[in-house]
Structures are given as C-alpha cells and as structure tokens.
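Input: a single structure, listed below in structure tokens.
What follows is the structure, encoded as structure tokens:
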C-alpha cells in the first residue's frame, strides 16, 4: 500500500466514534512557551509500560516538565516512588497529599502552574496554555489561589456519608449549606503556586481531613473540602456558551451521552445540578477544550493523531513532536 494511502487510512479511522467530538476542537498555536507548566501524573507500576508510556509519547511531551509519581522508581519512564504511601485505590487521599508535597518541595520556584493528572487523562497543552494566558485567569493568578478543572457538586447524602466527624460536618454545613463543589480528578486539574502553597500548608490541619478518610472519601472531593475553609472554591471553566473545557469522560462519551435518558437522581446528573448541567452533542465541547478522562493508550494515540498529524496543513509545527510516535516519514506527513 502506498505511504500516502496508509496515512489517509490512519486519519479516517474513527476510534470509538470519537471524531465527531474531536472535530469540534481547535488546537491553539504552539508558538508561545509561557506559562511554564509542570505536569505530574499519578500512576502505578503495572501501568508504566502502557498508560504512562502513552502519556510520555503524546501530550506529556508538551509539558515543560513531566513527572510520574508511582509506587516504584522507574528511571526509563521518569517515575519517582512516593515513599510510605500504599498504592491501592483506598489510599488516594494520602497519595494525593504526598504527591503535592513532593512536587511543591522540589519545584515550587521553577514553574508557574502545576497540572495534576491521572494516567488515563489526555491534555491538550496548547489550549491549556492559551486559557491560562486569557485575561480572566491572568488577572487572578498572582492574587487568588486557583484550581481549575471540571466541576462536580457533591450531593447532601454523600457529604454526610463521607465526613464521619459530625462536629466537623456540622460546622462545614453551617458555613456552606448544600454546597460542596469540587473539580473532578479524572481529566486533571491545573493549580497556580498560591493554591499549591496553601494546600500543602493546610494538609496537617483538622479541617483538611486526616489519612483515615482515604478509605471512604475520593481525593478530588477531599482537597476541595480542605480548601473551602480558606474560602477557596473551584470557579467555572466553561466558555460563554456553557460548553465544558475539561471533560469528565472520553470524547465519545461527552458527545453521545444524553442526560435526559437517565433519571435526575442518577449520580452524573446530580453532580452537575446547579452548576450548568450536562451539555452534549454539538454543545459538549468548547472549541478550546483542554482535557478528557477515561482515555486508554490506544485512545490517547488516536486523539494525538487526529488533533495533530491529520491536521498537518494547520499545524505543521506540531507534527514534528509526534512524528516519532507514529513513525511517519516526511514524505507521508507532508505529501
């Protein structure tokens, strides 16, 4: 098969019917290097050669620095073991705190923003940088602690279930009744230095939930509870049309999931009540979308190919960064 046909076939592939969502997205110019962003990804050793490697091969290369935080050190990957923290799902809050502490201690003077992601997230770094350079963010970044992502609203019954210290829960509800909004950890969150510093300083406090909560409380909800005592709440990151920039699902899911097909008390509908609801189809995704969740290695490489290689006329500069991943020769990419 001729090389140009192989490239054409690769670009017409529609992995999990995701292209209809990806076609709504434009990748911003990659010419601007600022702000400086460190990306740190929580992973575990069984995922080093699969999920973590896919991140390193794709979007992770566009971070100013990429660090994998794992249960074992892997110099080839660039993974660092976080000591004295169990690697299972029941201790995510402990690992969350240890990861932020590690990154802050080593890199706080070197970067403007810090992106925390799971190993099944895909991040469009050019769009992230463009959003962080927007006036609405720039005017706040040096004066307000910011954590930006996809907002969820925790329901009252789950709030009571998660916070077992009833005195702490009562005091929280007196201050902010029916209001526990947090950024989903799935697609990742980006934090400025003010947020990172305040969070790390707050971890030992009674209001920041002890390690015992790791077994019941999701870490993304825990950090929001912790920061609420400082009156730091996740702001909306939707565009002016109400479309999400951060997505708590993969491209197929955010485009095709009709919220009206599910009861109002289904968790995903409830998690968006009062904060903009769920948008789908053509309204699912802002043109400058930033991140997706539940993206496996093959899915990551498909998104990478669709957003960069297959748009060679628009983003020739971006093709260089991914040519090695797909082994496209110059006469394939530019012919």
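Residue numbers (my numbering): 1 to 335. Ideal Cβ placement from N, Cα and C applies to all residues, glycine included.
* **Inter-residue spacing [alpha-carbon to alpha-carbon] between residue 282 and residue 56** => What you label residue 282 is simply residue 282 of the chain shown in a count that begins at 1. What you label residue 56 is simply residue 56 of the chain shown in a count that begins at 1. The straight-line gap from Cα to Cα measures roughly 30 Å.
* Asked: Is the beta carbon of residue 251 less than 8 Å from the beta carbon of residue 22?
  -> Sequence index remark: in the chain shown, residue 251 carries index 251 (1-based). Sequence index remark: in the chain shown, residue 22 carries index 22 (1-based). Contact annotation: residue 251 and residue 22 have beta-carbon atoms nearer than 8 Å.
* Taking the C-alpha atoms as reference points, what is the distance between residue 268 and residue 10? -> Position 268 of the chain shown holds residue 268. Position 10 of the chain shown holds residue 10. Using only the alpha carbons, I get a separation of about 34 Å.
* To do: Please check the pair residue 248 and residue 184, which I expect to be a contact at CB under 8 Å, by giving their CB distance rounded to whole angstroms.
  => If you number the chain shown from 1, residue 248 lands on position 248. If you number the chain shown from 1, residue 184 lands on position 184. Contact holds; Cβ gap of about 5 Å.
* Asked: Taking the alpha-carbon positions, what's the residue 245 to residue 146 distance?
  -> Locating residue 245 in the chain shown gives position 245, where the first residue counts as 1. Locating residue 146 in the chain shown gives position 146, where the first residue counts as 1. Approximately 16 Å, taken between the alpha carbons.
* **Of the residues 46, 88, 272, 70, the one placed nearest residue 182, counting alpha carbons only** => By one-based count along the chain shown, residue 182 stands at place 182. Residue 272 is the option with its Cα nearest to residue 182.
* Residue interval of the alpha helix (DSSP H) (run including residue 336) -> Because the chain here runs from 1 to 335, residue 336 falls outside it and cannot be looked at.
* Going by DSSP, which residues form a beta bridge with residue 246? -> Residue 246 sits at position 246 when you count from the first residue of the chain shown. DSSP, once it has assigned bridges, lists 291 as partnering residue 246.
* Short Cβ contact (8 Å threshold) for residue 37 with residue 113 -> Translated into the one-based positions of the chain shown, residue 37 becomes position 37. Translated into the one-based positions of the chain shown, residue 113 becomes position 113. In this structure, residue 113 lies closer than 8 Å to residue 37 by Cβ.
* Asked: Roughly how many whole angstroms lie between the Cα atoms of residue 1 and residue 15?
  -> Reading the chain shown from its first residue, position 1 is the one you call residue 1. Reading the chain shown from its first residue, position 15 is the one you call residue 15. Because the pLDDT at residue 1 is just 49, under 50, the model does not fix this residue reliably, and the value given afterwards should be weighed accordingly. Distance between the alpha carbons of residue 1 and residue 15: 21 Å.
* Asked: If we count Cβ pairs, one from each stretch, closer than 8 Å, do we get three or more for the region 69 to 82 versus the region 146 to 164?
  -> no
* Asked: Just to confirm, are residue 195 and residue 103 a CB contact at a threshold of 8 Å?
  -> Numbered from 1 along the chain shown, position 195 holds the residue referred to as residue 195. Numbered from 1 along the chain shown, position 103 holds the residue referred to as residue 103. No, Cβ-Cβ distance for residue 195 and residue 103 is not below 8 Å.
* To do: Tell whether a beta-carbon distance below 8 Å holds between residue 153 and residue 278.
  => Taking the first residue of the chain shown as 1, we reach residue 153 at position 153. Taking the first residue of the chain shown as 1, we reach residue 278 at position 278. Not a contact, by the Cβ cut-off of 8 Å.
* To do: From the DSSP output, in three-state form, read off residue 19 for me.
  => Counted from its first residue, the chain shown places residue 19 at position 19. Three-state result, residue 19: helix.
* Start-to-end residues for the beta strand (DSSP E) that takes in residue 219 -> Along the chain shown, one-based indexing puts residue 219 at 219. Segment 219 to 228 is the alpha helix (DSSP H) holding residue 219; no beta strand (DSSP E) there.
* Sorted by chain position, which residues of the same chain lie with C-beta nearer than 8 Å to residue 262's C-beta, five sequence neighbours on each side aside? -> Numbered from its first residue, the chain shown carries residue 262 at position 262. Closer than 8 Å at the Cβ level, and outside the excluded window around residue 262, lie 268, 269.
* **Best match in 72, 92, 59, 29 for proximity to residue 47 [C-alpha to C-alpha]** => Residue numbering aside, residue 47 sits at position 47 when the chain shown is read from its first letter. When each option's Cα is compared against that of residue 47, the closest is 72.
* Bridge partner(s) assigned by DSSP for residue 70 -> Taking the first residue of the chain shown as 1, we reach residue 70 at position 70. Looking at the DSSP assignment, residue 70 forms a beta bridge with 81.
* Under the three-state reduction of DSSP, which class applies to residue 197: helix, strand or coil? -> To locate residue 197, count along the chain shown from 1; it is residue 197. Residue 197: helix per DSSP, three-state reduction.
* With DSSP as the reference, label residue 354 as helix, strand or coil. => Any property of residue 354 remains undetermined from this structure, which presents the chain solely from 1 to 335.
* Rounded to whole angstroms, how far is the Cβ of residue 35 from the Cβ of residue 108, which I believe are closer than 8 Å? -> One-based indexing of the chain shown puts residue 35 at position 35. One-based indexing of the chain shown puts residue 108 at position 108. Your pair residue 35 and residue 108 does not check out as a contact, with CB atoms roughly 14 Å apart and the cut at 8 Å.
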